[in-house]
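Just so you know, UniProt numbering puts 42 at position 42 of the sequence shown, and the rest follows in order with no gaps.
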Amino acid sequence: MPRFQYVPPRQLSQEHVGKPMKLILKNGKVMYGVIKEIKKDGIVFKPIKTQVSKSQFFFPFFPFFFFFPFLII
């Protein structure tokens with residue numbers, strides 16, 4: 001069974017709240033996320049981030065030539 005499921009809007013009920021869903025928009029795009037709340041005029045949908053930014057490692061720069069004259073003395 002797929003992790004995400006598609007349910008037509010007319011079949012949404014309270015049993016779908018909090019479960020991972022696949023939402024197909026009118027322009028044809030597909031979003032994955034969780035339904036937070038179902039209202040009379042629509043749903044509250046929390047999308048899942050599609051891109052996760054990589055953690056950037058900052059390498060500390062030590063200017064060795066700056067300390068070099070102090071080491072000679």
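Cβ coordinates follow ideal geometry from the N, Cα and C atoms, glycine included. As the structure is a computational prediction, the values presented were derived from the model and not from experiment.
Annotated as distal: Lys40 and Val17, with beta-carbon spacing of 9 Å or more.
If you draw a 10 Å sphere on the C-beta of Met31, you find fewer than 16 other C-beta atoms in it, and that means exposed.
Looking at the DSSP output, Ile35 bridges to Phe45. In this structure Gly33 is in contact with Lys46, their Cβ atoms being roughly 5 Å apart against a cut-off of 8 Å.
For the 9 Å CB-CB criterion, Ile43 and Gln14 do not form a contact.
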